[in-house]
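Visitor: Before I ask anything, let me first share the structure, which is written out below as C-alpha cells.
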Amino acid sequence: MLTRSTIAGAVVAASVVIGPASANKDPVTPKQLKLYQEAFMEEVRKGDLLFHGDAAMAEQLGVKLSTTGWACAMCHPMASDTHPQAFPKFQQSMAKFATLRDMINWCIEKPNQGEKIDPESEAMKALEAYITWSNTGSVLVPGKY
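Take a look at the structure:
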C-alpha cells in the first residue's frame, strides 16, 4: 500500500519530468499577435471616445453615460487617477468590495447621472480597455487608492 507522501512524491516527480500543463502553450505567431493588438486597440479607441464624451459613439453602442454634460475625462483627464490595477478592492465611496466595472458604473450613475451599463456590454469592455491601456506602466501601491 502506498503512503500519501509516496504518492505526493510521485506526482511531483512526474510533473518535473513531464513539465507544466500544455494548455494554451502554443506559440502566438506574429500575425496572430498583430490581429490581437489591432482588436485591442479598436476597443481602446471606442473607450477613448466614450470616456471623452463622444455622443456618436455612445449612441452607436446604445449607452447614455451622462445627463449632466460631463464626461469621465472631466474628472479623470487621460484616465488619470483611475488605478485599474488596484481593482478589485474595497471601494469606500460605494461601501463595498468592487470591481473596476462596478466603479465605472458608479461614476456613470452618481456624478454623471447617466444610465448604468451592462458589465458585459461592448461599451463597458471598451471603457475598461481604454482605462487599462491608459494606465499601462502604473505602479500598484496596495492600500493607496
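The opening position of the sequence shown corresponds to residue 1 in full-length UniProt numbering, with each subsequent residue numbered one higher. Positions of the beta carbon are idealized from the N, C-alpha and C atoms, including for glycine.
So what does DSSP say about Ala95, is it helix, strand or coil?
Guide: Note: Ala95 maps to coil in three-state DSSP.
Visitor: Could you give the distance in angstroms between the alpha-carbon of Pro30 and the alpha-carbon of Glu38?
Guide: Between Pro30 and Glu38, the C-alpha separation is close to 12 Å.
Visitor: Leaving out five residues on either side along the sequence, give the residues of the same chain with a beta carbon under 7 Å from the beta carbon of Leu65.
Guide: So the qualifying residues of the chain are Leu50, Ala58, Ile108, Asn112 and Gly114.
Visitor: Taking the beta carbon of residue 156 as the centre, do at least 16 other beta carbons fall within 10 Å, making it buried, or is it exposed?
Guide: What the structure shows of the chain is the stretch from 1 to 145, and residue 156 is not part of that stretch, so it cannot be assessed.
Visitor: Smallest Cα separation from Ser138: which of His83, Trp106 and Trp70?
Guide: Considering only alpha carbons, the answer is His83.
Visitor: Ignoring anything shorter than 4 residues, give me the alpha helix (DSSP H) runs that lie fully in the UniProt domain "Cytochrome c" (67 to 135), in order along the chain.
Guide: With a minimum length of 4 residues, the continuous alpha helix (DSSP H) runs that stay inside the UniProt domain "Cytochrome c" (67 to 135) are 72 to 75, 100 to 109 and 122 to 134.
Visitor: Tell me which residues share the same chain as Pro119 and place their Cβ nearer than 7 Å to its Cβ, disregarding the 5 neighbours each side in the sequence.
Guide: So the qualifying residues of the chain are Arg101.
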